[in-house]
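Visitor: Numbering (my numbering), first residue to last: 27 to 233. Cβ coordinates follow ideal geometry from the N, Cα and C atoms, glycine included. Take a look at this one; I'll ask things after.
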C-alpha cells in the first residue's frame, strides 16, 4: 500500500514538474518575443525539451529529496539542474542557428526560462513544506501537547524530528541540545539546535 501511495505521489510530482517546464518554455517565448502563438513544431519541440529537462532534474537527484525535507541541498541540486538545462538549450540552439542576433535572443530566452523553472520548482516545494509544517504545528497546539527539548542532534535526533513532523509523537519538539560544536545553531529537519548541555537551564526557561 505504501509503495502504491509513493508511486502515485511521485507520478503527481513528475506531472507537476513537467507542466511547469512546458509552461515556462511558452511563457519565456512570450516574454522575449511578445508572441505567445506557437506552431505545431514548436509545441512538439517544447514537449521534447521538457522531457529532456525532466531527465536532467532526475539525474541531479532532486527527486531523492522528499517534499517535507526541502532544504539548502534541494536548492543546490535544482540550481545545478537549471544551469545544465540552460547551457544545453543554448548549446543546441547555437549549433543550429548561426546568426548572432538569433543566439542573443536564445540566450535571453534561456535566462528567463531558467529563472522561471528555478523559482517555480523551488517555490512550490518550499511552500508545500511550510504549509505542512504550519498545519502540523497548529494541530499539535490544538492538542495541547507537552513541549520537549531533545538531547542529541545526530541520527537519532533526526529520526525523532522526522517522526514528529509526521505527527507520530505525543509531544512537541521545540529544539535540540547537543555538545558537538558542529551542530550549534543549525537546523535538524527545520528544528533549531538551541545550545549545549551548559545551556539547558537557559533553554528550558525560554521554552
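Which residue spans inside the segment 142-226 form an unbroken alpha helix (DSSP H) run of at least 4?
Guide: Qualifying alpha helix (DSSP H) stretches, in chain order: 181-191.
Visitor: Determine the direct distance from the alpha carbon of residue 131 to that of residue 206, and round the result to whole angstroms.
Guide: Position 180 of the chain shown, counting from 1, holds the residue named residue 206. Position 105 of the chain shown, counting from 1, holds the residue named residue 131. Their Cα atoms are separated by approximately 52 Å.
Visitor: Measure the Cβ-Cβ separation of residue 148 and residue 98 and say whether it is below 9 Å.
Guide: In the chain shown, the residue the question calls residue 148 occupies position 122. In the chain shown, the residue the question calls residue 98 occupies position 72. Against a cut-off of 9 Å, the Cβ pair of residue 98 and residue 148 comes out as no contact.
Visitor: Quick check: what's the CA-CA separation for residue 180 versus residue 60?
Guide: Mapped onto the chain shown, residue 180 falls at position 154. Mapped onto the chain shown, residue 60 falls at position 34. Approximately 53 Å between the Cα atoms of the pair.
Visitor: Using three-state DSSP, classify residue 97 as helix, strand or coil.
Guide: In the chain shown, residue 97 corresponds to position 71, counting from 1. Residue state, collapsed to three classes: coil.
Visitor: Between the alpha carbons of residue 197 and residue 177, how many angstroms are there, rounded?
Guide: Taking the first residue of the chain shown as 1, we reach residue 197 at position 171. Taking the first residue of the chain shown as 1, we reach residue 177 at position 151. So the two alpha carbons sit approximately 14 Å from each other.
Visitor: DSSP on residue 64, reduced to helix/strand/coil?
Guide: Locating residue 64 in the chain shown gives position 38, where the first residue counts as 1. If DSSP states are grouped into helix, strand and coil, residue 64 belongs with coil.
Visitor: With a Cβ-Cβ cutoff of 9 Å, do residue 191 and residue 154 count as a contact?
Guide: One-based indexing of the chain shown puts residue 191 at position 165. One-based indexing of the chain shown puts residue 154 at position 128. It is not a contact, given that the beta carbons lie outside the stated cut-off.
Visitor: Which residue wins for smallest C-alpha separation from residue 175, given the options 204, 51, 112, 89?
Guide: As a first step, residue 175 must be located in the chain shown, where it is residue number 149. The candidate whose alpha carbon is nearest that of residue 175 is 204.
Visitor: Would residue 39 and residue 142 qualify as a contact pair, given that the criterion is a beta-carbon distance under 9 Å?
Guide: Walking along the chain shown from the start, residue 39 turns up at place 13. Walking along the chain shown from the start, residue 142 turns up at place 116. Not closer than 9 Å, so no.
Visitor: Kindly indicate which three-state DSSP category residue 46 falls into: helix, strand or coil?
Guide: Working through the chain shown from its first residue, we reach residue 46 at position 20. Helix, per DSSP.
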